[in-house]
Every structure is written in C-alpha cells, then in structure tokens.
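Take a look at the structure set out below.
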Amino acid sequence: MSRLVVVSNRLPLGDNPSGGLVVALDDALRSSGGLWIGFSGEPVDDPADALIDHPGAAFDRLSFDLSPEDHHNYYLGFSNSVLWPICHGRADLSHLDPIYLDGYRKVSARIARLMVPHLRPDDRIWVQDYQLFALGAELRKLGVRNAIGHFLHIPFPAPAECATLPNPAELFDWMMAYDLVGFQARRDLDNFAASGHHMTGMEQTDENRFALGGRTLRAEVFPIGIDARSFVEEARDAPDADRVRFLTNARLMIGVDRLDYSKGIPQRFRAFQQLLDKIPDLHEQISFLQIAPPTRSGVQAYDDIREETEHLAGRINGQFATLNWTPIRFINRPYPRQVLAGLYRQARIGLVTPLADGMNLVAKEFVAAQDPEDPGVLILSRFAGAVEQMPAALVINPHDAHETAAAMASAMRMSKAERKSRHQELLSVVLEKDVAWWSAAYLKALDEEAAQDALTE
Ligand code: GDG
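Going by the numbering used here, the sequence shown runs without a break in its numbering and finishes at 972.
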C-alpha cells in the first residue's frame, strides 16, 4: 500500500494521540505506514531550512519552523484574520493587508520546498484545512505529480462572501491543483460550485466534478465524525468527583467551545437571559455552564469577544442570581476530555449554537456521552455543518433569542420518551459515521483518483 503523508498546520507532538482528528489520522497513518508534517508550534527567530524529525511515534513526524514574521503574516494574518472570518461570514472582522497574503504565499511555497526531498513517487498526500489551501499548487509548481487531496474543516464561502477575499480567483487556482477536495457539508460543496462559477467560470461537469483552466477536480462531502466508541466509554467511566454540584434542584445546561466569535456565545447568553426573563418558574431550576478556553490571543476580534461575553455573563448573574444559585458559570479554561465527557452526561441540555461552523464536534460528543436510558437534549444551530446529519436535535436559528429560549424551555420539559427517541436517532449516526469512517471514506476516494490519474498518464 502506498504511504500516506498528512500535512496540517499543527503537528501533534505529544506522546499519546488526543482529539478525534489526531486519533483518526493516527490510525490511518499506522495502517499504511505514514508521515505527518506540520508546524512545530512556536515561532523561532532562526528557522531551520529543513524539516525536523521527531522520532518516537508509530509513524514519522516532521515539523517546519516559522519565523515570528511568517507566523504573524501567514497564521495570525491571512489564515486567521482573512480566511477564518470570511469563511465564517464575518467579512466585517477581516483585515485585508497585502502583507498577509504575501506571507501566506511565501510560507506555502516554503513548506512545499522543504517537503519535496521527503516525498516518494507513490505517496498519497492529504493536506488539511484553510491554512494550507495553497500548498497543493506550490507542490505542483515543483513538479510533484502524486495524488494530492485537501480537506476543508471550516465552511466554504458563498459567492457574496468569496467576493470579499482579496484574491477570490486565486483561491480556485489553488483548489484546482488537488485531485480531491473534501467538504464537511452539502452546503459547502454547493457554495464551492456557485462561488467558483461566479468568480472564475469554473464548470461543474458532473455531480462531483469540476473543470477550470484545463484541470479537473473531484469535490465531495465527507462529514467528519468523532472517535465515538471511546467517547461513550469515557463518559460512562467519568469520575463522579468532577461533576457540578448544585444547592438547588437545578438541571445543567452546558456549552463547550473555543472562545471564538463564530460560536455564537453572546447570542446564547442573551437567549438564556430571555428564558429567565420570560419564565420565572425556571429560576433556580436551570444552571448554564459555559466552558470556553481562549484561543488566538493577539487577534483583536478574540480579545473583543472575551470582553463581550464576560460582560454579558456578569450582567445576567447580577440580575438573576440568588444566594443559592448562579445562573451562568463562565469558565475560560480548558478541562481534560474525560471531565468534559462526564459533564456532558450530567447535562439535561447541550447547547451548540454557532453562527457558522464547519461541522462542530461538540454536538457529536454530547450525544455520544449521554446515558441512553435518560438522555439529555441537544439544541443545535442550523448553521453548524452537523445539522445535515442531526436533524433529530432541537434545531434553532442562533440569531433568534426567542426561538432559542423556547427550545431551552422545551428541552427542560421534554418527556423521557421523546428524549430517548431523539437520542437514539442521533446516536446511530454518530456511531456509524465516526472518525474512522471519515478518514477511510476520504482515502478511498483519493485512491480512486490516483488510480484514474495513473490510467490517463
Ligand atoms: C474545526 C471546525 C470542525 C473544546 N474545549 C475543550 C476541548 N474542546 C474540544 C471539543 C472538540 C474540539 O475541541 C472543538 O471542535 P469543534 O468541532 O467544536 O470546533 P473547532 O475547534 O472550531 O474545529 C469545526 C472541526 O474543526 C473538525 O473538523 O468540526 O467546525 O471549526 O473536540 O471537545 N477539549 C478539551 N478541553 C476543553 O476545554 N480537552
């Protein structure tokens, strides 16, 4: 079997794999003997002009360094202050600075150059996410003819959003360098087709085939899953000591998100306020725990969202708290995975209300963690990619505080029979379409493209 080479922005360097994606790719890399390439993690003043080997894992790992300037322009700049906001429908938060785009192109070209000496002719290369859109094109420029695939973990922008990029046509040139492009949801594939046609005249020649400038591309939906079976066990075995304790009979409502403006945290705080305003009977009966570890500090929009959410939580607590009850616990710190699993299981409501999200793994983790005999209720935004697979959740528009508050109230009142039947439906998809299914389905499609290329050469 040919070797799998995974390239992602960050190289997982811990001894044990953690997180669904890392576990899945770890499995895939072990089974075909593989190589994972990614950023070493901290910018350095004098970056090595070669990839650095990290022995000690079941597969090979090579990292690249970034200078502080490259890290600023490519990662904080173009990746997280241009592509991230625009792909999440927040062009108003983007910073269009030509230095960022130059930095992105430069780093992509450098990674490609450093990779080439390590590649074998029959390697399959799988590039992850928006930080590396341009890598395939840079590898092609250097004569790499291997099968190269890309998977986008975040939403693909619709035409109106795409038009706010500084280089919409170049984005499609980058994409066309791949043999296979994977998206999280049907919505993203449709946006890709519409935006590509609008910006560049890209033609859709078949349901999953696109043509532009003499190149063809297969694009398809592969919804990412979680390591569901291990999550079920982790939740079942989570220590009792790590639970939330209440002085009243309150039920727990939980949200777990990176502190990011795409996750709709202020909107859900306002919906909770609406609930407490409208239904005083629920005072002391529901307590909202929001875990939101900060990310990407140094990007202004992230500092702003922290301030806004802290302010809102303080105001709501000030208005409604009693001696025995704090309506919102807002914690800006990460917790170990097993603690989260136990908290999900304890919760009556899982709140997943992003304004835009590629998939959202928390929705799937919450479902996997429930006790099937007495499950909690998932409230899910219609803007999470997960909604395409999980319509049995209570689906809401996160901009609508009234609708979200009504869903919270109905989850509190929902009969056990209805909770069980919704949960059964959700759990079956989470178990069936898990992360191993995702990587296997993607790699099978990439292999098919590689075989077809070999025939036409
Ligand atoms: C991107 C896309 C897509 C969160 N807090 C803690 C913690 N987490 C874990 C969650 C979950 C993961 O982080 C977050 O995954 P999401 O899918 O919710 O969101 P993004 O980070 O934005 O991920 C997204 C994903 O890529 C995969 O393709 O689904 O749409 O935006 O696993 O549990 N984990 C621990 N402590 C925390 O405090 N241990």
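In this text, a Cβ means the ideal position worked out from N, Cα and C, and glycines have one as well. Since this is a predicted model, take the numbers as computed values, not measurements.
Which of helix, strand or coil DSSP assigns to residue i
{"i": "Pro672", "result": "coil"}
{"i": "Leu695", "result": "strand"}
{"i": "Ile794", "result": "coil"}
{"i": "Phe574", "result": "coil"}
{"i": "Thr837", "result": "strand"}
{"i": "Phe725", "result": "strand"}
{"i": "Glu718", "result": "strand"}
{"i": "Gln472", "result": "Since the first residue shown for the chain is 516 and the last is 972, residue 472 is missing from the structure and cannot be characterised."}
{"i": "Met1048", "result": "Summary: the structure shown does not reach residue 1048, with the chain confined to residues 516 through 972, and so no result is reported for it."}
{"i": "Gln788", "result": "helix"}
{"i": "Ser802", "result": "strand"}
{"i": "Asp767", "result": "In the sequence as displayed, the identity of residue 767 is Leu instead of Asp. It is a strand residue."}
{"i": "Phe554", "result": "strand"}
{"i": "Asp560", "result": "coil"}
{"i": "Val759", "result": "coil"}
{"i": "Val867", "result": "strand"}
{"i": "Thr679", "result": "coil"}
{"i": "Val944", "result": "helix"}
{"i": "Gly549", "result": "strand"}
{"i": "Arg937", "result": "helix"}
{"i": "Ala899", "result": "strand"}
{"i": "Asp968", "result": "helix"}
{"i": "Asp568", "result": "strand"}
{"i": "Leu528", "result": "coil"}
{"i": "Arg620", "result": "helix"}
{"i": "Glu822", "result": "helix"}
Classification of residue i by the beta-carbon crowding that lies within 10 angstroms, buried from 16 upward
{"i": "Gln967", "result": "exposed"}
{"i": "Ile739", "result": "buried"}
{"i": "Glu749", "result": "buried"}
{"i": "Lys656", "result": "exposed"}
{"i": "Ser710", "result": "buried"}
{"i": "Met516", "result": "exposed"}
{"i": "Asn706", "result": "buried"}
{"i": "Thr868", "result": "buried"}
{"i": "Pro570", "result": "exposed"}
{"i": "Asp772", "result": "buried"}
{"i": "Asn661", "result": "buried"}
{"i": "Ser609", "result": "buried"}
{"i": "Ala932", "result": "exposed"}
{"i": "Gln815", "result": "exposed"}
{"i": "Ser930", "result": "exposed"}
{"i": "Asp792", "result": "exposed"}
{"i": "Thr763", "result": "exposed"}
{"i": "Glu888", "result": "exposed"}
Residue i - containing alpha helix (DSSP H), residue span
{"i": "Val747", "result": "743-751"}
{"i": "Leu650", "result": "650-656"}
{"i": "Ile601", "result": "599-602"}
{"i": "Asn706", "result": "701-715"}
{"i": "Ile894", "result": "Counting along the chain, Ile894 falls outside any alpha helix (DSSP H), though it belongs to the beta strand (DSSP E) covering 892-896."}
{"i": "Ile739", "result": "Looking at the DSSP string, Ile739 is not in any alpha helix (DSSP H), and its letter there is neither H nor E."}
{"i": "Gln861", "result": "852-861"}
{"i": "Val877", "result": "876-884"}
Residues bridged to residue i (per DSSP)
{"i": "Ser777", "result": "Paired residue(s): none; Ser777 is not in a bridge."}
{"i": "Met929", "result": "For Met929, which the question treats as bridged, DSSP gives no partner whatsoever."}
{"i": "Pro975", "result": "Any property of residue 975 remains undetermined from this structure, which presents the chain solely from 516 to 972."}
{"i": "Trp953", "result": "BP columns for Trp953 are empty, so no partner."}
{"i": "Leu732", "result": "Phe725"}
{"i": "Asp872", "result": "Ala899"}
{"i": "Ile846", "result": "Ile806"}
{"i": "Phe579", "result": "Phe554"}
Rounded Cβ spacing between residue i and residue j (contact assumed at less than 8 angstroms)
{"i": "Trp551", "j": "Leu526", "result": "6 angstroms"}
{"i": "Tyr615", "j": "Ser596", "result": "7 angstroms"}
{"i": "Ile843", "j": "Phe898", "result": "Their Cβ separation, rounded to whole angstroms, is 23 angstroms, which puts Ile843 and Phe898 out of contact at 8 angstroms."}
{"i": "Pro913", "j": "Leu870", "result": "6 angstroms"}
{"i": "Pro890", "j": "His938", "result": "4 angstroms"}
{"i": "Leu767", "j": "Ala862", "result": "4 angstroms"}
{"i": "Ile640", "j": "Val522", "result": "7 angstroms"}
{"i": "Asp818", "j": "Arg860", "result": "So it is not a contact: roughly 33 angstroms between Cβ atoms."}
{"i": "Phe698", "j": "Phe671", "result": "6 angstroms"}
{"i": "Ile801", "j": "Ala765", "result": "6 angstroms"}
{"i": "Ala538", "j": "Val950", "result": "One detail in the question is off: residue 538 reads as Val in this sequence, not Ala. With a Cβ gap of about 7 angstroms, Val538 and Val950 count as contacting."}
{"i": "Tyr850", "j": "Ile806", "result": "6 angstroms"}
Unbroken beta strand (DSSP E) run spanning residue i, endpoints
{"i": "Gly664", "result": "662-666"}
{"i": "Ser523", "result": "519-525"}
{"i": "Val910", "result": "909-911"}
{"i": "Val642", "result": "639-643"}
{"i": "Phe593", "result": "Here Phe593 belongs to no beta strand (DSSP E), and DSSP marks it neither H nor E."}
C-beta neighbour in chain B for residue i, strict 9 angstroms
{"i": "Ala926", "result": "Protein chains in the displayed structure number just one, and chain B is not present."}
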